[in-house]
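Some notes on the structure that comes next.
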Amino acid sequence: MSGAQPEKSRGRRGKAVCALLLATSMFALLRPGQLHAQETELRGEVSESAILSDQQRKAKQLALATQGQQQSANSAQDDAPPRTYLPASAGAVPDDTNTDAATGSIFDPPQATDDTATDNPTPPKPRRRPSSAGQNAADLDKTKADPRATGKSKKKKKATTATTDTTQAATDDTDGADQEAANRRALTVDSAGRQKLDPGAERTAAIEGQNKKAEEDPFQPTGVKWGSFVIRPSIEQGMTATTNGDSSSAGTSALLSETALRFTAVSDWRENSATIDGYGLFRETVSGYRVHDAQGRIEGQLNVDLDNELRAIAKLGYEAVPETASSPNAIAGVSTQPLRQTIDGSLGVEKAVGKMQYTLTGAVSHDFYGDAELSDGTTLSQKDQDNTLYTATLRTGYEISPALTPFSEIEVGRRAYDQRIDNEGFERSSTRLGARAGLQLDMGEKLSGEFSAGWLREAIDDKSLEAISGATVNADLKWSPERGTTIGLTGKTTVETTTTAGESGDILYSGRLTAERQIRANLTANAALGVDWRDYVGIDGHDRILSAETGLTWWLNRYAGLTSRVRTEKLTSNLPGRDYTANSIYLGLKVQR
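Numbering (my numbering), first residue to last: 15 to 607.
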């Protein structure tokens, strides 16, 4: 009985063990699928045969965990933190799928050992639930394992379970798409903050660290605000040493004091615009040849946009200049040449019709002369030279391109003398007629302006006087070959009248080539070449005037600078008593606002 009792007890224990194993297998089959374990950082392609053989070899060493431990593991998986970001770039770790399992393949699960360091393994990484079919197959393999390995596998249960699930996750076909979605979703707190604060992946420098935009011309005058205008005044004071005080055939050396006042006023209106320019030049002898003269000019321009694409341009000016000693109207043997004053104005209307451009301009200019002071103290009236010129000009242009517009002009006019018959008995009034053709350029700062050529004729009312006629050339061009350099070309044709008995007057051609170079921000150099040709009408005479000038301006600061220039001028004529040469050097201080 005693021997049969143990056998009966062992039989009941065996049945209990079998029932326990059967219940555990049924629970494993019926429980919900677990999350697949997340991929580890070690990645590589593993063949299905290698995985299955590895599972079969290792399944013999693994035991089925108890139901309570399994539930604890499931609870730990459910509470695991969300999966973290894994880099998608290849080559993070070396891929080696040919490593033998016995030599320690990177995909081998940890071996069951008696090392006490594994009794408290680190928590497994978050895992993804596998498919039901895959999980059930794994559970069936576990039920076929040797039950005697259960005791030894209890210590390594958590580590082996995580490693086995990781291996199964590597064989899942949809794992790549899930991992890519996880990479997009898994954002750390720092990365999310950077995306919100810096969506353009570019950092903006601090305000105090940014460089201020450099001024194009740091020494340009700032101006003074006056109503709706900005006024930029300047004054220049200096000394001139010259070999010819008044640029005449009788002039001698002198030291002169020169004062120049200049100003520019520009409106800041929203639509229309207005500008006012003026200058004044005063020269006085300090020592040497006696010189005492003053001259100046002020002019304004108003641009107004009208309806029907019309644009009006109005100009008004006043000038006071003494007659120069080299002028054909200069009076010999006087202490002071007469002062010539001019009041001029014009009004023009522009209109564009398609590519055609039309401009009609009417102008009036009135000259009146003061008395000349003779050397003996008496005066000589010059009233017979006072006259008024009325002109009307029609310009028609065709815009080939925004940069090129050829044009033609027709001018008609009348010159009327205040004194119909002058002191010598000649009737000086005349009728004016001219025609020109030219090209207007507009290439921005590179090249702009216009030039033209034509013919002009003034027929004097007195039949005994020959008409003043000749070719005309006019130009006003600005060319900038590079930044900081400006080259200008100006040309002008002027009809000069006279009251000299038997003479009609002359045509004066004037040309200037100028250059300005900004060597440094505070140092500017300039140069000029000039040619004048005067052709007398009624007599065989002509004058030629050549001039050259160069100068420097060094700005001490935005408001003051030192300026200097050297000039030479020479007149050659086939008429007696007109030749002269004048050389001068100037040094002064310029102040601007």
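Here a beta-carbon is modelled for each residue, glycine too, at the ideal position from N, C-alpha and C. All of these numbers come straight from a predicted model, not from anything done at the bench.
Which complete beta strand (DSSP E) runs does the region 490-564 hold, if anything under 3 residues is left out? 499-511, 519-534 and 537-551
Going by alpha carbons, who is nearest to Leu-418 out of Thr-393, Asn-437, Asp-456 and Asp-432? Asp-456
Under 8 Å between C-beta atoms of Ser-524 and Gly-505: yes
From this set, Pro-247, Leu-324 and Glu-323, which residue's C-alpha is nearest Ile-290's C-alpha? Pro-247
Distance between Pro-352 and Thr-513 (C-alpha atoms, nearest Å): 14 Å
Please list the terminal residues of the continuous beta strand (DSSP E) segment that includes Lys-604. 594-606
Can you tell me which of the three DSSP states Asp-319 falls into? strand
Nearest to Asp-557 by CA position, among Arg-579, Asn-588, Trp-569 and Ala-541, is which residue? Asn-588
Cα separation between Thr-508 and Trp-547? 11 Å
Should Glu-364 go down as buried or exposed, given a rule of 16 or more other Cβ atoms within 10 Å for buried? buried
Find the nearest neighbour of Thr-528 within the set Leu-491, Gly-292 and Ile-327, judged by alpha-carbon distance. Leu-491
Measuring straight from C-alpha to C-alpha, what distance separates Ala-386 and Arg-354? 10 Å
Whole angstroms are fine: how far does the CA of Leu-522 sit from the CA of Val-318? 34 Å
Would you kindly work out how many angstroms separate the C-alpha atoms of Thr-684 and Thr-350, rounded to a whole number? Beyond the ends of the chain as shown, which are 15 and 607, falls residue 684; an answer cannot be given.
Could you pull out every residue in the same chain whose Cβ sits closer than 6 Å to the Cβ of Ile-312, ignoring the five residues on either side in sequence? Gly-292 and Tyr-332
Hey, would you say Tyr-303 sits closer than 8 Å to Gly-347, going by beta carbons? no
Go ahead and label Glu-298 buried or exposed: buried means 16 or more other beta carbons lie within 10 angstroms of its beta carbon, across all protein chains shown. exposed
Which of helix, strand or coil does DSSP assign to Gln-125? Only weak support exists for where Gln-125 lies, its pLDDT of 46 falling under 50; the value from the coordinates is given anyway. Coil, per DSSP.
Inter-residue spacing [alpha-carbon to alpha-carbon] between Lys-329 and Ala-279: 14 Å
Which residues bound the beta strand (DSSP E) around Lys-365? 353-367
Gln-234 by DSSP, collapsed to three states: which one? coil
Reference Gly-565; option with closest CA among Ser-578, Gly-391 and Thr-405: Ser-578
Please report the straight-line C-alpha distance between Thr-538 and Trp-568, rounded to a whole angstrom. 7 Å
For Phe-296, which of Asn-286, Ala-288, Ser-287 and Asp-307 has the nearest alpha-carbon? Asp-307
Examine the Cβ distances between the region 473-487 and the region 402-421 and report whether three or more of them are shorter than 8 Å. no
Val-551, buried or exposed, once every other Cβ within 10 Å from all chains shown has been counted against 16: buried
Where does Asn-258 land, buried or exposed, given buried means 16+ other C-beta within 10 angstroms? buried
Can you tell me whether DSSP reads Lys-397 as helix, strand or coil? helix
State the DSSP-derived secondary structure class of Tyr-293, mapped to helix, strand or coil. strand
At the level of alpha carbons, what is the spacing between Thr-343 and Glu-337? The sequence shown places Asn at residue 343, not Thr. Those two C-alpha atoms are separated by around 8 Å.
Would you kindly check if the distance between the Cβ of Ser-561 and the Cβ of Thr-586 is under 8 Å? no
Kindly list the residues whose CB is nearer than 6 Å to the CB of Tyr-404, restricted to its own chain and excluding five residues on each side of it in sequence; keep chain order. Val-378, Gly-427 and Arg-428
Straight-line gap, Gln-606 to Trp-240 (C-alpha atoms, nearest Å): 16 Å
Tell me whether Leu-320 is buried or exposed, calling it buried when 16 or more other Cβ atoms sit within 10 Å of its Cβ. exposed
So, is Asn-401 buried or exposed, given that buried needs 16 or more other C-beta atoms within 10 angstroms? buried
Top-ranked residue by Cα proximity to Leu-576, from Ile-559, Thr-595, Lys-584 and Lys-604: Lys-604
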